[in-house]
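Chains as they are written, first to last, in our numbering: chain W, 95 to 585; chain S, -6 to 301.
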């Protein structure tokens, strides 16, 4: 078999992070190569380098044995490298045929009927059950994926990168996708397949490469590696060290919500949290799990029959913060921090009343408070006057946590609190979460990372299309059960 | 501090560098420029625009813009003029300030509660306030005020004209607001990241209303000075003042994207505009060229800032 892609010693750094450190990767003609790693391991950066979005700081890339790299995604596509992104980049208002031909029209005599004819022929050949003249907005996620694949093939792609293609589709659709991937192999097309789900990796891939913390950990034939070995390679440490757990669940309730409704995102959700408990919420993208937090916090319009915090009932309000609800939002850069302001001002922003008299801020007191917080959460800064944008992801998240926790909340919603931060910082966040629970704060842990949900939470509410499909008890929590509920299958 | 350090520090305040540069340039080109009386003259002229620009600074830091200041200026001027003419200086000034603050608050209210872009809202209120002015004044200037009123524009304390004193008092207040108050912190936060500010518990709507109210209030303050100085309120007052104010703020280093800017910068931005006017006049440069020179200076300033 011919090697069509080879990466050697690839290094890529971003301010505050080494995303890839001397990573290698290769791909043969007609093989399915799975790329594995936890979030933040460097998978996305690697595929962005392969597809021309990023330039590596150093290292070499060989395409068909030639030493070169792409300077833009357009160039990558021209050379036969296509990427099927998680958020599919299609034009919703255009038809399937138009989407396939966007950027590729000049090669053909352009009339609408001819375009649809060619597309139909292509779709028939691939056995894709899609109509060429259907508008893309009328298709579901799985069908949109097929459109992207068809588009890639119409551009003569030799390498197709699929970034977590199964994360947002049903089991049945996954089966169909795998049939298609097998068909692609027969056409001598190579696929780089990214997924968190090991079962899928074993089912579909010929070889597997594991990254961790931006480093190459190992690579080999899938048939010669066991599941346990793969997990060990991905996590890199024992589960107990990765996910510290020392909270003690009491039987005293700290929070309860009944019949929560948040806009069109969430309907009819009820749950309660006890003191000392870490309560998880899981669900796929768009399931409404994030909106639960934003709704209760008062950022999104919401309704409920009953909401009780520490024995006290509350009506929906725009500002639940003052009743002891805290939120660590999903995206710390867009929602958590004012990146152009310094660390001190970011912390004071949420705690201004503590340092303000008649509208005047005491900067002396602010400095004291900030230094206290920086020490308490061991935030690594060169100065508290440093702008928030210059911090690494983990330290940014600690600034968000410190400013939120300083208000001494009774119930805290942590939304994807470990996204994009390194493993060390993750463990620190888990430790903080455990401590909070033990201090009697109600903890709601909302995450897309199943391993952390499984290891950390005492109970898990699973969302599917805006509704709760079940609450799993400690004994029932495992990835399989969560995924079943998350895709709408009854256990 | 090293030479590079000094250069870096200066780059943070391009308006001060520009101001010094232009002062040196004009003092070389004209011997009438570098005199105390000329400088007092420049400061007095600048005071009108600077006071508006201080309010605009807060608006722009908060990520907004206020195009209505010129029209608010005109309406408060004619309203006050009619009251002052009928006898009460105090009531006239009070009315001007109240109506300025009110129009500003209305701007802020529509922007915050209606979730409409500030550009559009204040474009509309700019037209409405101008219309109100023309209707109220019947398109005629209102002139002839008692001596007690004319002190504001023409009087002086120990040789320093009252408008300059007012300008520095307003400067001090707005500087204090921006650096030492919750309102100031929140203004920067709203402009820097509105979502994060809201999620941190900042009552964004309320603070936006306050910010636009201050802008309206300062436009009215400036109108009082000019009306008194000219002994006349014209319905065409303030035309184009919004652009002068925005130019001063931008020259001062603020970003129209919000979250960035200083009142000190704005003061020097306004001074640059004033000195350019004055110097070009002293050099007998045709007014046909003057606008163009100002435009070029703004472009250069923004390009320098972009680099840093």
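Beta carbons are placed, not taken as given, at the ideal position from N, Cα and C, and that holds for glycine.
| Query | Result |
| --- | --- |
| Supposed close pair residue 118(S), residue 61(S) - CB separation, criterion 8 Å | 4 Å |
| For residue 176(S), the three-state DSSP class (helix, strand or coil) | helix |
| Any 3 or more C-beta pairs closer than 8 Å across the stretch 485 to 500 of chain W and the stretch 400 to 414 of chain W | no |
| 9 Å Cβ cutoff, residue 497(W) in contact with chain S | yes |
| Delimiting residues of the beta strand (DSSP E) encompassing residue 230(W) | Neither: residue 230(W) is in no beta strand (DSSP E) and is coded neither H nor E. |
| Chain W contact for residue 1(S) (CB, 9 Å cutoff) | no |
| Those residues which DSSP pairs with residue 182(S) across a bridge | Beta-bridge pairing links residue 182(S) to no other residue. |
| Rounded straight-line distance, which links the Cα of residue 54(S) to that of residue 301(S) | Below a pLDDT of 50, predicted positions are generally treated as unreliable, and residue 301(S), at 48, falls in that range; the measurement from the model is reported next regardless. Cα to Cα, the separation comes out at about 18 Å. |
| Under the three-state DSSP convention, the category residue 281(W) falls into | coil |
| Bounding residues of the beta strand (DSSP E) (the contiguous stretch that carries residue 12(S)) | Taken as a continuous stretch (DSSP letters only), residue 12(S) belongs to no beta strand (DSSP E), being part of the alpha helix (DSSP H) at 7 to 22. |
| Short-range partners of chain S found in the stretch 376 to 409 of chain W, where Cβ spacing is below 8 Å | 391, 393 |
| CB-CB length for residue 58(S) against residue 249(S), believed under 8 Å | 7 Å |
| Inter-residue CB distance, residue 56(S) and residue 212(S) (contact presumed, cutoff 8 Å) | So it is not a contact: roughly 19 Å between Cβ atoms. |
| Cβ-Cβ distance between residue 308(S) and residue 44(S) below 9 Å | Residue 308(S) lies beyond the stretch modelled for chain S, which goes from -6 to 301, so this question has no answer here. |
| Selected residue, minimal CA-CA separation from residue 71(S), among 137(S), 259(S), 0(S), 157(S) | 137(S) |
| Inside the stretch 72 to 117 of chain S only - beta strand (DSSP E) runs reaching at least 3 residues | none |
| For residue 352(W): DSSP bridge partner residues | 400(W) |
| For residue 175(S), the nearest candidate out of 239(S), -3(S), 195(S) (CA to CA) | 195(S) |
| CB of residue 170(W) within 9 Å of CB of residue 144(W), strictly | yes |
| Contact set for residue 210(W): own chain, Cβ-Cβ below 7 Å, skip 5 residues either direction | 191, 226, 227 |
| Proximity test, Cβ basis, 9 Å: residue 185(S) and chain W | yes |
| Buried or exposed by the 16-neighbour rule on C-beta atoms within 10 Å, applied to residue 197(W) | exposed |
| Below-9 Å beta-carbon distance, residue 205(S) vs any chain W residue | no |
| Residue 620(W): contacting residues in chain S (beta-carbon distance under 9 Å) | Since the first residue shown for chain W is 95 and the last is 585, residue 620(W) is missing from the structure and cannot be characterised. |
| Partner residues on chain S for residue 432(W), Cβ-Cβ distance less than 8 Å | 181, 182, 185, 186, 189, 190, 252 |
| One or two residues paired with residue 57(W) in a DSSP bridge | Because chain W here runs from 95 to 585, residue 57(W) falls outside it and cannot be looked at. |
| Three-way DSSP call (helix, strand, coil) for residue 160(W) in this model | strand |
| Short CB-CB distance (under 9 Å) between residue 439(W) and chain S | yes |
| Spatial distance of residue 100(S) from residue 206(S) (CA atoms) | 8 Å |
| Coil, strand or helix - residue 185(W) by DSSP | coil |
| Range of the contiguous alpha helix (DSSP H) that encloses residue 169(W) | 167 to 172 |
| Proximal chain S residues relative to residue 504(W), where beta-carbon distance stays under 7 Å | Neighbours of residue 504(W) on chain S: none; closest Cβ ~15 Å, over 7 Å. |
| Closer than 7 Å at the beta carbon, the chain W residues around residue 173(S) | 454, 455 |
| Distance CB(residue 391(W))-CB(residue 192(S)) smaller than 9 Å | yes |
| Buried versus exposed call for residue 165(W) [16 or more other C-beta atoms within 10 Å across all chains shown] | exposed |
| Cβ-based contacts, 9 Å cut-off: residues of the stretch 31 to 56 of chain S near chain W | none |
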